[in-house]
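Asks:
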Amino acid sequence: MMTRRLVILGTLVSALVLVAIPAGADELSDYLDETDQATYSGRRLIGTTWDGLERMGVVEVEQLGGMAMVSSGHTYVMVGDGKVHAIGSPHAALAFVLDASAPVSHGYQVAMGETATHLGRSAAVVEVTEDGMLRMRMVIDEDTSAPLATEVFDDEGNLFRYSTMIEFSASAPSMHDYEDVGEYRTMVPLDGAVVPETVGPYGLVDVYGGPADGEQAFYSDGLFTFSLFAIEGSTNIDDVVTDGRAWSSGGFEYVRVIAPAEVWVLWNASGSTYALVGDLPPDHLEEVLVDLPRPAQRNWFGRVWDKLFG
Amino acid sequence: MADVNPLWFRRKELFSAFLDGELSAEEAELVNDLLDGDDEAKEEFRGIQQVRRALRTLPELEIPGWLLPDGHLGELLSAYLDGELSTAEQRQVSDHVVSCAQCRGELHDLDRARIAIRSLPGVDTGQLAQIPPPPTSRRRRLAVAGSVGIAAAVALFVALSLGGDPEPAFSLDDLGNHHIARASAEPGFAVFPPAIEVSGP
């Protein structure tokens, strides 16, 4: 009798472990916070694939106390807590962040329950769905809460971005010697800047004085983020971008750059240059662009000139 | 038990006010009464007098304005941008700037001025440290605005003189770092800094 009860109880417990437990935005925030504070090191493969174009790279990464050191070859970059310091580069930046916790959109649902093994480590699988569609899958190390692998999908279920540790250690030996000695370009929040409060499903978090006398508006839905830079004056985008490609959205022409961890979109409109950069998936990006100034159309003479002379 | 003058217990306060000239004629007379024939009271009076004399001989120390409840950072902002502060001072400045819109604005102006000056050809940015800080906030703002104006005028002159294609107003690396700096304060960020050279697997 006792044995039979134990078997029934064991079966119930197994079923509970295997059935995904739905959770809301708060739980997603907790998972993201935990991955942010994890201590680990190793090598990470990261890539983005879109419209048959793929960009990927491998970096060595160490993370401790919310700061990460990312290196490749002879360069390394310290990132975290509002700071970026590329050693040997003049582009260090420091953001004074007034509100670092953008709320997670209520459109996301979180399911957790499966377990997996990645690089021989026991891991939990967290799946984030949006309107019933799988948007992100995270494989989180059970010991350290480090993100061992992450996949992001577009609205048709295609893999858009992937990030996976290909070597992993539950320590960050070099980070203990890190001293913050950088001279930073400061990013100061602007009071009273006039930018849209929402664009697509994203909410404005804050605005900064950006490079080139422009403004940087930072948007988030709690899971993905992007910055919109508005720079006064039109720019010949070909002078700025070396590997950009023409890309059409909503019947308007943009220049798009796909990088391993983010996508850039640049255009001129209303006498200003706009540059959007972020990790948002393609369908979100298209929704966002609808709410932003559209690119200036080339006039008749310009289009003919392009056809004749390229 | 002899009657005790109730003022006896307030004598130190009275002596101090007497030496500050804050007593009325009647109260000064009371102090006289307290001192009259009382060696202990006289000793205390002399002690207070000596302390006040000693205090007057000390050098005057100016309390940094930003330590005052409504103080602002002033020239510390410049030192902050130049990386001349200690770690503790850096943290204090960071904390203050986050909560003070006025200092954020000044920091922003100063940073812009530095960038404008740095962008000029042949300018030794080390000389920036020798620019004396203006004494007041208003004058500082004027000086910053002046610096930006002069820098812009010189940059325009140089650009017109040299001719040729102008440099792009911005670089993707620069914008990318600004984005990553901000995004890195969000939980769960996983970015790929643009300054890293990508190597294929």
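Note that the protein sequences, when read in sequence, are chains A and B. Per the numbering used here, the very first residue in the first sequence carries number 226; after that it's consecutive. Per the numbering used here, the very first residue in the second sequence carries number 941; after that it's consecutive. Cβ coordinates follow ideal geometry from the N, Cα and C atoms, glycine included.
1) With respect to the alpha helix (DSSP H) encompassing B/G1116, which residues constitute its N-terminal and C-terminal limits?
2) Are there three or more Cβ pairs, one per stretch, closer than 8 Å when the region 508-518 of chain A is compared with the region 949-966 of chain B?
3) Under 8 Å between beta-carbons, which chain B residues line up against A/D368? List them in chain order, please.
4) Starting from A/H509, trace the beta strand (DSSP E) both ways and give me its first and last residue.
5) Taking Cβ positions only, does B/V885 come closer than 7 Å to chain A?
6) Please report how far the alpha carbon of B/V1033 lies from the alpha carbon of A/E422, in whole angstroms.
7) Would a check of beta-carbon distances place A/Q441 closer than 7 Å to chain B?
8) Is the region 267-274 of chain A close to the region 386-394 of chain A, with three or more CB pairs under 8 Å?
9) Indicate the three-state DSSP secondary structure (helix, strand or coil) for B/F958 in the structure shown.
10) Could you confirm whether any beta carbon from chain A is found closer than 7 Å to the beta carbon of B/D1049?
11) What does DSSP give as the partner residues of A/R362 in its beta bridges?
12) Taking the straight line between their C-alpha atoms, what separation do you get for A/I391 and A/G267?
13) When the Cα atoms are used, what is the spatial distance from A/G475 to A/E511?
14) Beta strand (DSSP E) containing A/S452: first to last residue?
15) Where does A/A397 land, buried or exposed, given buried means 16+ other C-beta within 10 angstroms?
16) Hey, how far is the Cα of B/D1022 from the Cα of B/E962?
17) On a Cα-Cα basis, can you pick out the residue from A/P507, A/A263 and A/L415 that is closest to A/S370?
18) For the beta strand (DSSP E) that A/R493 lies in, which residues bound it at each end?
19) Is there at least one Cβ from chain B nearer than 7 Å to A/D379's Cβ?
20) Is the beta carbon of A/V430 less than 7 Å from the beta carbon of A/F443?
Replies: Reading off the structure:
1) Run containing B/G1116: L1112 to A1123, per the alpha helix (DSSP H) assignment.
2) The answer is no - the region 949-966 of chain B does not touch the region 508-518 of chain A, with fewer than three Cβ pairs under 8 Å.
3) Residues of chain B passing the Cβ test: none, with the nearest at roughly 18 Å.
4) Unbroken run through A/H509 is the alpha helix (DSSP H), P507 to V515; no beta strand (DSSP E).
5) This structure cannot speak to residue 885 of chain B, because chain B is shown only from 941 to 1141.
6) B/V1033 and A/E422 have their C-alpha atoms roughly 29 Å apart.
7) Interface criterion met: the Cβ of A/Q441 is under 7 Å from a Cβ in chain B.
8) With a cut-off of 8 Å, the region 386-394 of chain A and the region 267-274 of chain A count as touching, because enough Cβ pairs lie within range.
9) DSSP places B/F958 in the helix class (H, G or I) of the three-state scheme.
10) It does not; no Cβ of chain A falls within 7 Å.
11) The partner list for A/R362 (beta bridge, DSSP) reads A/E352 and A/E376.
12) Rounded to whole angstroms, A/I391 to A/G267 spans 7 Å at the Cα level.
13) Our two residues, A/G475 and A/E511, have alpha carbons roughly 8 Å apart in a direct line.
14) That run of the beta strand (DSSP E) goes T450 to E457.
15) Around the Cβ of A/A397, a 10 Å sphere holds 16 or more other Cβ atoms; the residue is buried.
16) Going from the Cα of B/D1022 to the Cα of B/E962 covers about 48 Å.
17) Closest in C-alpha terms to A/S370, from the list A/P507, A/A263 and A/L415, comes A/A263.
18) The displayed chain sequence assigns Asn, not Arg, to residue 493 of chain A. Note, A/N493: beta strand (DSSP E), V488 to A494.
19) Contacts with chain B at 7 Å (Cβ-Cβ) do not include A/D379.
20) Result yes, Cβ atoms of A/V430 and A/F443 sit closer than 7 Å.
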